[in-house]
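Top to bottom, those sequences are chains E and Y. The opening residue of the first sequence carries number 1 in our numbering; numbering runs sequentially from there. The opening residue of the second sequence carries number 553 in our numbering; numbering runs sequentially from there. Below is one structure, written out as structure tokens; comments come after it.
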Amino acid sequence: MATIERESHVESPPWPARVHDWLTTVDHKKLGIMYVALAMGFLIIGGIEALLIRWQLMWPESRIFGQDTPTLFNQLFTLHGTTMVFLVGMPVLIGMANYLVPLMIGARDMAFPRLNALGLWTTLFGGLVLYLSFLTPGGPPAIGWFAYAPLTGHTFARDVGTDLWAMGLLVSGVGTIGAGVNFLATILAMRAPGMTLGKVPFFVWTILWTSVQILLAIPPLTAALIMVVLDRQLGAHFFDAANGGSPYLWQHLFWFFGHPEVYILILPVFGIISEVIPVFSRKVLFGYEFMAAATMGIAFIAMGVWAHHMYCVGLARTVDIYFAAASLLVSIPTGIKMFNWLATMYGGRIRFTAPMLFAIGFLAMFLIGGLTGIMLAVAPVDFQVSDTYFVVGHFHFTLIGGTLFGVFAGIYYWYPKVTGRMLSETLARWQFWLLLVGFLLTFGPMHVSGVLGMPRRIYTYLPDRGWDVWNQISTIGALIQAPSYLIFVWNLMASLRSGPPAGDDPWDAWTLEWATTSPPPPYNFEEVPTVRSRRPLWDFKHPDDPDWKYEG
Amino acid sequence: MSLFLPLAVSGLNRGVSVFHPASPATESIRHLFILVLAISGAIFLVVEGVLCYSILRFRCRSSDPGTEPPQVYGSKPVEIAWTAAPALVVFILVLVLARTEYEVRVRPPKPQPGDEALFVTVVGRQWWWEYRYEYFNGEALGFVTANELHIPVGDAERARPVYLTLVSADVCHSFWVPRLAGKTDLIPGRQNSMWLQTTEAGLYLGQCAEYCGTQHAYMLLRVYAEQPSDFRRWLENQRKPAVNDPSVQTGRQTFLGLSCVNCHRIRGTSAAGSYGPDLTHLMSRATLAAGVVPNDRLQLRRWVADPQQIKAGCLMPSFGLSEGQVGAIVDYFLTLR
């Protein structure tokens, strides 16, 4: 198989034909790769924004852009947040799922290949609309990523940047909804013979529930963004208190999307981790059924906890207590996941190659983000630390320590399948340690500056507050992190040409994607495999001791 | 790791730390925070401990046989145990936080003669604070000041609580003085309330905690908690109209003749604007521009000449006044004690 692949590579068509092929493709694998590439591009842009933010906060009363500093800083954190959530986090996970779900369930493609292509291009288009704001006279929006009304109203944001922000997110949201529909249809209707819903690889199970959340959470955001555009362009008054509208309503609408969104950004990562840890511990995933139920539990509870972002708006006491209790409930299924991953490692033979390194990084760091999340769920504690750097530290531990470490684990794990080449282990180790040290130095001290009273989203601070040293450590940490991303991108590109050939199944893994060639042919599988357990390749490799004998 | 947090801040600037409470509400939040930190710290140690143990104990060795380790598919009793244990912790946490919630979120009573309670309406504005003093000890006050909130301290006999009504004139803001109370938002179209109370006299710092536009960073808060006698003296002075010093007639005329009066009020004169800070007793305040610079002749001159140099983007424009006009106005301001 591998030789055939190499021969066809030599005879590849001229570049205009190849570009045309990529631009018009409806192949889930090519679309998946483009999703991930798009996310990596925006990751670099969002990262540069983050470095500028850290540079400005290094010293008290600093003005790195002179007189324009306040506005530019506010634009930077707005773009940084929006970019990382909508143009990095979601596309990278949707892209990976796009590539992997059909392969993992033994399908030829996604259920709706054209819808799939539409999703990619609308996501890109939405991002371009947002970044077009740089070319407008007022520049990008300065409203923060959750864009609290009435800051988005025409009175307070006169420039077109805010319109571009709303319409960019609206457009990319349509693409996301399309992806959600597509995953649901694919997973529910296109599984290989014998693969019941109870036997899908765990990553596929998490994508199923992520898609349910996408369908429940993104449409309210779309509706709310349309209301913003109507307010701004047609003089509606949805969020205008002076004319009977309600800025408070925006907060409910936004967080009704915004909280499930954080689970949209973490559930697929739970899936990645649940694939990587068993393979590199050489053990079956411990407690699959409980893990599956916990995933469902998180998806359901997450729909009813949004107002824990709003403890300070003056809700009734009983409402505070309800949302605190509901938010704390999430920790139970999340704890189940953590314990089951540890139980999977326990008694295994752990190989510390790059995917496992990042998966262990995920376990260690996401735990911290989860625990600070418990603190923030406790409403009275949140009265103090809400909207401070404590929160900034918390969600970066979940989104970098959680989502990004998990994504890196996944990319190191599946890159050999996608390209037929192995990534460099040496570069992976450099990337991992620089990222881990830089990450801890950047976001650890934020918890301290937060409890010392530093609010988020301030472009500067007075020297008498005692926040300088914590900010300086953060900035140094950011500088240590920065090269790790460049090493990663370099590794991705260099290994494409010079990485050692991977073969079909370099990790000795157990799910269906490893049964085909690396890279897989356009049709994925020569014949549709029949599945009898959750680890079809384990059954194949151990005919004397197959899984289906033990699974209930 | 998490227990490190209170230690890390113990020796540091106490001014705005949530671990140095000066009111009953922040004290009970601190207790709750420490409890949650302790629980989280315990979970952290157990989980990271098991993780480290597994990494060391179960790493692949060259001496391992070539076969796979025993496959363990799961265990119902174990799963039930690690579902029930966190559920118990959650249950206890909910009970404790409910108690704290009721200790912290006190509903304001009606002002009564003899209650020695202070009622102030706080108006959040881009990027400063307006304080409308409503009642003290049941007596209507009816004056307006800006940026520096004065409150009386309580003692063993009288608590002297302060009840704030929070409204916004433009966008969302959040009132946060970490040592006195958790934050409460000021939202257009809504009316919120909060409760402060302390027995420690002194200056308490804070700042707006909800992003509110260009100068969110410099929407600073200063709360002066004073002995009741000092507070009453301050109150009596604030209730008077502005000082009318004949020696600064030129400055007064200049001020009243310019567009300053469209936004600023000086009680006792024809200046009755309500969009900017009330200047009646400007010199009773220690800072300018919501706590950004000290309120002295030099900074007043800079501010009147071009506020954008001190607080870029603030809503007061530079009027291009002459040196003479600026000097005369500042001389007049310096008499507004």
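We put the beta carbon where it would ideally sit given N, CA and C, even for glycine.
Please state whether DSSP places Ser8 of chain E in a helix, a strand or coil. Position 8 of the first sequence, counted from the start, is the residue given in the question as residue 8 of chain E. Low per-residue confidence applies at Ser8 of chain E: pLDDT is 48, beneath 50, and the placement is therefore not dependable, though the value from the model is reported in the following sentence. Of the three classes helix, strand and coil, the one that applies to Ser8 of chain E here is helix, per DSSP.
Below 8 Å on the Cβ atoms is my contact criterion, and I expect Ser580 of chain Y with Thr652 of chain Y to pass it. Report the Cβ-Cβ distance as a whole number of Å. By one-based count along the second sequence, residue 580 of chain Y stands at place 28. By one-based count along the second sequence, residue 652 of chain Y stands at place 100. The C-beta distance from Ser580 of chain Y to Thr652 of chain Y rounds to 5 Å, short enough to fall under 8 Å.
Using only the alpha-carbon positions, how far apart do Ala325 of chain E and Val642 of chain Y sit? For this step, residue 325 of chain E is matched to residue 325 along the first sequence. For this step, residue 642 of chain Y is matched to residue 90 along the second sequence. Pairing Ala325 of chain E with Val642 of chain Y, the inter-Cα distance amounts to about 8 Å.
Limits of the beta strand (DSSP E) - the one that Gly734 of chain Y falls within: In the second sequence, counting from the first residue as 1, residue 734 of chain Y sits at position 182. Segment Ala733 to Leu738, the beta strand (DSSP E) holding Gly734 of chain Y.
Which term fits Lys29 of chain E, buried or exposed, when burial requires 16 or more other beta carbons within 10 angstroms of its beta carbon? Along the first sequence, one-based indexing puts residue 29 of chain E at 29. Label assigned to Lys29 of chain E: buried.
Residues of the region 364-378 of chain E with a CB closer than 8 Å to any CB of chain Y: list them in chain order, please. For the region 364-378 of chain E, the set of positions with a beta-carbon nearer than 8 Å to some beta-carbon of chain Y reads Ala364, Leu367, Ile368, Leu371, Thr372, Ile374, Met375 and Val378 in chain order.
Contacts that Asp320 of chain E makes with chain Y (C-beta to C-beta distance below 8 Å): For this step, residue 320 of chain E is matched to residue 320 along the first sequence. Residues of chain Y whose Cβ lies closer than 8 Å to the Cβ of Asp320 of chain E are, in chain order, Glu653 and Arg657.
When E:Ala379, E:Arg457, E:Trp55 and E:Ile48 are compared against Thr83 of chain E, the one with the closest alpha-carbon: Translated into the one-based positions of the first sequence, residue 83 of chain E becomes position 83. Of E:Ala379, E:Arg457, E:Trp55 and E:Ile48, the residue nearest in Cα terms is E:Ile48.
If we cut at 8 Å on Cβ distances, does Thr388 of chain E have a partner in chain Y? Indexing the first sequence from 1 puts residue 388 of chain E at position 388. Thr388 of chain E counts as touching chain Y.
Buried or exposed: where does Ala97 of chain E fall if 16 or more other Cβ atoms within 10 Å of its Cβ makes it buried? For the purposes of this step, residue 97 of chain E is taken as the residue at position 97 of the first sequence. Flag for Ala97 of chain E reads buried.
Indicate the three-state DSSP secondary structure (helix, strand or coil) for Gly348 of chain E in the structure shown. In the first sequence, the residue the question calls residue 348 of chain E occupies position 348. In the displayed model, Gly348 of chain E falls within coil according to three-state DSSP, outside both helix and strand.
Whose C-beta lies closer than 7 Å to the C-beta of Tyr311 of chain E among residues of the same chain, with five residues either side of it excluded? If you number the first sequence from 1, residue 311 of chain E lands on position 311. Cβ neighbours of Tyr311 of chain E beyond the five flanking positions: Asp320, Ala379, Asp382, Phe383 and Ser386.
Tell me the DSSP bridge mates of Arg684 of chain Y? By 1-based counting over the second sequence, the position of residue 684 of chain Y is 132. Answer is Y:Thr673 and Y:Val696.
Compare the C-beta of Ala721 of chain Y with all C-beta atoms of chain E and state if any pair is closer than 8 Å. Here residue 721 of chain Y refers to the residue found at position 169 of the second sequence. Any Cβ of chain E closer than 8 Å to the Cβ of Ala721 of chain Y would place that residue at the interface, and such an atom is absent.
CA-to-CA distance, Arg657 of chain Y to Ala574 of chain Y, given in whole angstroms: Counting from 1 along the second sequence, the entry for residue 574 of chain Y is found at position 22. Counting from 1 along the second sequence, the entry for residue 657 of chain Y is found at position 105. Using only the alpha carbons, I get a separation of about 16 Å.
What's the C-alpha gap between Ala864 of chain Y and His768 of chain Y? Here the question's residue 864 of chain Y lines up with position 312 in the second sequence. Here the question's residue 768 of chain Y lines up with position 216 in the second sequence. In a straight line, the C-alpha of Ala864 of chain Y is about 11 Å away from that of His768 of chain Y.
Take Asp505 of chain E as the anchor and find which of E:Pro519, E:Ser498, E:Arg497 and E:Leu492 has the nearest alpha-carbon. Mapped onto the first sequence, residue 505 of chain E falls at position 505. Distance from the Cα of Asp505 of chain E is smallest, within the candidate group E:Pro519, E:Ser498, E:Arg497 and E:Leu492, for E:Pro519.
CA-to-CA distance, Phe280 of chain E to Thr530 of chain E, given in whole angstroms: Residue mapping note: residue 530 of chain E aligns to position 530 of the first sequence, counting from 1. Residue mapping note: residue 280 of chain E aligns to position 280 of the first sequence, counting from 1. Phe280 of chain E has its alpha-carbon roughly 25 Å from the corresponding atom of Thr530 of chain E.
Which word fits Arg712 of chain Y, buried or exposed, when buried means at least 16 other C-beta atoms lie within 10 angstroms of its C-beta? Numbered from its first residue, the second sequence carries residue 712 of chain Y at position 160. With at least 16 other beta carbons inside 10 angstroms of its own, Arg712 of chain Y counts as buried.
Taking C-beta pairs closer than 8 Å, name the residues in chain E that Lys735 of chain Y reaches, listed in chain order. Start at 1 with the first residue of the second sequence, and residue 735 of chain Y comes out as number 183. Ordered by position in chain E, the residues that pass the 8 Å Cβ test against Lys735 of chain Y are Cys312, Phe383, Gln384, Ser386 and Asp387.
Between E:Arg465, E:Ala409 and E:Arg349, which has its C-alpha nearest Leu563 of chain E's C-alpha? Residue 563 of chain E is absent from the model: chain E starts at 1 and stops at 552.
Determine whether the Cβ of Val305 of chain E lies closer than 8 Å to any Cβ atom of chain Y. Mapped onto the first sequence, residue 305 of chain E falls at position 305. No, no contact with chain Y.
Go ahead and pull the three-state DSSP assignment for Thr388 of chain E. Along the first sequence, read from residue 1 onward, the residue named residue 388 of chain E stands at position 388. Note: Thr388 of chain E maps to strand in three-state DSSP.
Contacting residues, own chain, Cβ-Cβ under 6 Å from Trp470 of chain E (five flanking each side not counted): Stepping through the first sequence from its first residue, residue 470 of chain E is reached at position 470. For Trp470 of chain E, where only same-chain residues beyond five positions count, the Cβ hits under 6 Å are Pro445, Val448 and Ser449.
Using 8 Å as the threshold, is the C-beta distance between Glu788 of chain Y and Ala753 of chain Y below it? By one-based count along the second sequence, residue 788 of chain Y stands at place 236. By one-based count along the second sequence, residue 753 of chain Y stands at place 201. With a cutoff of 8 Å on beta-carbon distance, Glu788 of chain Y and Ala753 of chain Y are scored as not near each other.
Spell out whether any CB of chain E is found under 8 Å from the CB atom of His725 of chain Y. For the purposes of this step, residue 725 of chain Y is taken as residue 173 along the second sequence, with counting starting at 1. Output row for His725 of chain Y: interface = no.
Report yes if the CB atom of Tyr346 of chain E is closer than 8 Å to the CB atom of Ser606 of chain Y, and no otherwise. Position 346 of the first sequence, counting from 1, holds the residue named residue 346 of chain E. Position 54 of the second sequence, counting from 1, holds the residue named residue 606 of chain Y. Their beta carbons are under 8 Å apart, which means Tyr346 of chain E touches Ser606 of chain Y by this criterion.
Round the Cβ separation of Gly258 of chain E and His308 of chain E to the nearest angstrom and send it over; I've been treating them as touching at under 8 Å. Taking the first residue of the first sequence as position 1, residue 258 of chain E is located at position 258. Taking the first residue of the first sequence as position 1, residue 308 of chain E is located at position 308. Incorrect: roughly 11 Å between the Cβ atoms, too far for contact.
Rounded straight-line distance, which links the Cα of Ile360 of chain E to that of Leu367 of chain E: Against the first sequence, residue 367 of chain E aligns to sequence position 367. Against the first sequence, residue 360 of chain E aligns to sequence position 360. Going from the Cα of Leu367 of chain E to the Cα of Ile360 of chain E covers about 11 Å.
Check the C-beta distance from Gly453 of chain E over to Ser569 of chain Y and give it rounded, since I have them as a contact under 8 Å. Here residue 453 of chain E corresponds to residue number 453 of the first sequence, with the count starting at 1. Here residue 569 of chain Y corresponds to residue number 17 of the second sequence, with the count starting at 1. The Cβ separation is near 6 Å, so the contact holds.
Starting from the beta carbon of Cys815 of chain Y, find every residue of chain E whose beta carbon is closer than 8 Å, and list them in chain order. As a working mapping, residue 815 of chain Y is identified with position 263 in the second sequence. Chain E residues near Cys815 of chain Y: none, gap ~17 Å exceeds 8 Å.
Using 10 angstroms around the beta-carbon of Phe183 of chain E, count the other beta-carbons present and answer buried if the total reaches 16, otherwise exposed. Mapped onto the first sequence, residue 183 of chain E falls at position 183. In summary, Phe183 of chain E is buried, with 16 or more beta-carbon neighbours lying within 10 Å of its beta-carbon over all protein chains present.
So Leu354 of chain E and Leu423 of chain E are supposed to be a Cβ contact under 8 Å. How far apart are they, rounded? Walking along the first sequence from the start, residue 354 of chain E turns up at place 354. Walking along the first sequence from the start, residue 423 of chain E turns up at place 423. Note on residue identity: the sequence assigns Ala, not Leu, to residue 354 of chain E. So it is a contact: roughly 7 Å between Cβ atoms.
Skipping 5 residues on each side, what residues in its chain have a beta carbon closer than 8 Å to that of Leu118 of chain E? Translated into the one-based positions of the first sequence, residue 118 of chain E becomes position 118. The residues are Gly175 and Gly178.
Go ahead and label Phe358 of chain E buried or exposed: buried means 16 or more other beta carbons lie within 10 angstroms of its beta carbon, across all protein chains shown. The count along the first sequence starts at 1 and reaches residue 358 of chain E at position 358. The residue in question, Phe358 of chain E, is buried, as its Cβ has 16 or more Cβ neighbours within 10 Å.
Anticipated Cβ contact below 8 Å, Tyr485 of chain E with Leu43 of chain E, distance rounded: On the first sequence, position 485 is the one that residue 485 of chain E refers to. On the first sequence, position 43 is the one that residue 43 of chain E refers to. Under the criterion of beta carbons closer than 8 Å, Tyr485 of chain E and Leu43 of chain E qualify as touching, at roughly 7 Å.
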